[in-house]
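Number of protein chains: 2
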Amino acid sequence: MEVQIAVAKVSKYAVSESGDTLEVVERPGGGLSVVLADGQTSGRGAKAISQMVVRKVISLLAEGVRDGAAAHAASDALFTDKQGKVICTLNIASLDLNSGTIVLTRNNPAPVYICRGEQIDCIEEESIPLGTSRNVRPLITEIAIEPALVIVIYTDGLTHAGKRRGLPMDVGATISSIIEDQDPTPQVLADMLLAEAVSLDENRPADDISVLVLKVTSRVGDNVRRMSLRLPIDGIMR
Amino acid sequence: MEVQIAVAKVSKYAVSESGDTLEVVERPGGGLSVVLADGQTSGRGAKAISQMVVRKVISLLAEGVRDGAAAHAASDALFTDKQGKVICTLNIASLDLNSGTIVLTRNNPAPVYICRGEQIDCIEEESIPLGTSRNVRPLITEIAIEPALVIVIYTDGLTHAGKRRGLPMDVGATISSIIEDQDPTPQVLADMLLAEAVSLDENRPADDISVLVLKVTSRVGDNVRRMSLRLPIDGIMR
Chain D
600 MEVQIAVAKV SKYAVSESGD TLEVVERPGG GLSVVLADGQ TSGRGAKAIS
650 QMVVRKVISL LAEGVRDGAA AHAASDALFT DKQGKVICTL NIASLDLNSG
700 TIVLTRNNPA PVYICRGEQI DCIEEESIPL GTSRNVRPLI TEIAIEPALV
750 IVIYTDGLTH AGKRRGLPMD VGATISSIIE DQDPTPQVLA DMLLAEAVSL
800 DENRPADDIS VLVLKVTSRV GDNVRRMSLR LPIDGIMR
Chain E
600 MEVQIAVAKV SKYAVSESGD TLEVVERPGG GLSVVLADGQ TSGRGAKAIS
650 QMVVRKVISL LAEGVRDGAA AHAASDALFT DKQGKVICTL NIASLDLNSG
700 TIVLTRNNPA PVYICRGEQI DCIEEESIPL GTSRNVRPLI TEIAIEPALV
750 IVIYTDGLTH AGKRRGLPMD VGATISSIIE DQDPTPQVLA DMLLAEAVSL
800 DENRPADDIS VLVLKVTSRV GDNVRRMSLR LPIDGIMR
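Chains as they are written, first to last, in our numbering: chain D, 600 to 837; chain E, 600 to 837.
Given below as structure tokens:
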């Protein structure tokens with residue numbers, strides 16, 4: 600099998616720095632975790648918050664701390680620092696090779712979609728962001744790693760897209776239509792979801808948007824791990 | 600402009616865990632750093648060393664510490680911990696958007712190639728790994744970000760490829776032949792270099808091999824940042 604992970608990420612219109620932070624860390628027992636945080640508001644202040652949360656979570660995961668405990672610790676640290684005045688959403692998607700599962704940790708009102716073939720489940724149980732109070736519990740979902748599994752995670756910029764024009768995006772329906780038509784790579788799926796949101800915002804995103812897609816394939820290929828990044832730099836050159 | 604970064608990474612034959620660790624971190628002032636370390640020997644022990652070095656460097660870079668100082672600190676920490684008995688190579692490639700440069704930090708006998716069009720320069724000034732003594736100095740090279748720049752960085756598995764058969768790989772000549780024939784994406788270049796090395800080792804790599812390629816293109820596209828990862832999991836499933 601092969602796990603493929605793709606991210607597409609854009610800043611709010613006319614803001615150079617995205618308030619969303621996404622990083623990847625290798626887990627000590629094998630496998631890796633993708634950590635995505637969205638700091639309150641946008642621009643530099645939001646970036647500082649989401650970077651702080653991601654750094655905290657990543658350093659704990661690298662030490663072997665469990666995902667839920669790492670999220671909990673980041674929330675307590677944020678609450679202590681900001682006295683509940685600043686909040687931050689958090690999603691962790693971990694490929695845990697010890698248990699053979701994908702572990703999803705969520706402190707984010709935005710739902711997570713889990714697709715198996717054409718069956719699409721929406722995990723939308725109420726979930727509150729980090730930093731809102733003491734003892735913020737993350738929601739944990741554990742799923743066996745199996746071929747044809749697709750998981751879609753995003754920040755609230757995707758759900759806000761089009762709202763100022765009264766044309767909010769139906770994320771589930773959009774995922775469903777893309778998956779029905781084709782067997783998209785995770786990058787194609789992430790790109791199409793982001794493009795739909797940006798189009799609903801008339802090419803001027805009203806918020807930072809990040810889309811993260813994981814896909815498990817039955818592909819038998821070489822044993823090479825690959826990573827690629829593309830980073831447009833004109834807009835943020837100082 | 601756009602900066603594209605690609606990585607191809609394989610473990611030593613019959614060893615499930617690569618002793619090489621590569622991670623990416625966003626820099627506080629904008630831009631990002633790619634950190635690659637190769638711990639002495641292979642397997643779990645080497646992995647623990649390279650992970651420790653990468654974690655140390657990344658946490659310092661995230662705090663705004665300069666690349667050279669972060670490498671120096673990681674070397675001191677490793678020397679203190681292991682009394683000079685364990686060494687680890689380190690390369691940092693940073694996209695520094697404040698200065699508009701790519702900053703290359705090297706504590707690795709393996710050279711770095713810098714290509715501009717068909718001109719290929721090899722940076723092979725003597726450079727020693729971290730942890731060998733107190734006061735190990737990294738070599739720093741700073742290059743303006745400009746279109747058609749290609750940088751190739753790798754761990755010593757690439758230079759060792761084929762040596763047991765007396766057919767060592769000529770990395771510079773291989774890069775040159777790939778670049779002359781086509782204008783490869785960084786992923787294609789990384790994949791081809793890795794494939795050549797694995798082939799010289801008769802499909803049984805004698806060491807962990809990691810290849811990192813950065814490319815600057817003049818492409819004018821959307822403002823979307825993209826990342827994709829591919830992770831074969833059969834071999835390392837427990």
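Ideal placement from N, C-alpha and C gives every residue a C-beta, glycine not left out.
Determine the chain E residues that contact residue i at a beta-carbon separation under 8 Å, and present them in chain order.
i, result
"Asp-833 (chain D)", "Met-600, Val-819"
"Pro-785 (chain D)", "Ser-827"
"Ala-661 (chain D)", "Gln-650, Arg-654"
"Leu-793 (chain D)", "Val-823"
Identify the contact partners of residue i in chain D, using a Cβ-Cβ distance below 7 Å as the criterion.
i, result
"Val-702 (chain E)", "The contacting residues do not exist; Val-702 (chain E) stays about 15 Å from chain D at best."
"Val-606 (chain E)", "Arg-825, Met-826"
"Val-609 (chain E)", "Asn-822, Val-823"
Look up residue i in the DSSP assignment and give the residues it is bridged to.
i, result
"Ser-693 (chain E)", "E:Ser-632, E:Val-702"
"Val-638 (chain E)", "It should be noted that the sequence gives Gly, not Val, for residue 638 (chain E). Gly-638 (chain E) pairs with E:Cys-687."
"Lys-814 (chain E)", "E:Gln-603, E:Val-749"
"Tyr-712 (chain E)", "E:Cys-721, E:Val-751"
"Ser-809 (chain D)", "D:Lys-608"
Could you tell me the boundaries of the alpha helix (DSSP H) in which residue i lies?
i, result
"Glu-795 (chain D)", "785 to 799"
Run down chain E in chain order and give the residues with a C-beta less than 9 Å from the C-beta of residue i.
i, result
"Glu-625 (chain D)", "Thr-620, Leu-621, Glu-622, Lys-646, Gln-650, Val-653"
"Glu-616 (chain D)", "Gly-629"
Residue i by DSSP, collapsed to three states: which one?
i, result
"Ala-607 (chain E)", "strand"
"Asp-833 (chain D)", "coil"
"Leu-729 (chain E)", "strand"
"Arg-825 (chain E)", "strand"
"Asp-780 (chain D)", "helix"
"Ile-774 (chain E)", "helix"
"Leu-757 (chain E)", "helix"
"Ala-743 (chain D)", "strand"
"Lys-762 (chain E)", "helix"
"Ala-613 (chain E)", "coil"
In the DSSP assignment, the beta strand (DSSP E) including residue i goes from what residue to what residue?
i, result
"Val-623 (chain E)", "619 to 625"
Anything in chain D within Cβ reach of residue i, meaning under 8 Å, just list it in chain order.
i, result
"Ser-658 (chain E)", "Arg-654, Ser-658"
"Ala-673 (chain E)", "Those within 8 Å of Ala-673 (chain E) in chain D number zero; the least Cβ separation is about 14 Å."
"Gln-603 (chain E)", "Ser-827, Leu-828, Arg-829, Leu-830"
Where in the segment 648 to 682 of chain E do unbroken runs of the alpha helix (DSSP H), each at least 4 residues long, occur, reported from the N-terminal end onward?
666 to 681
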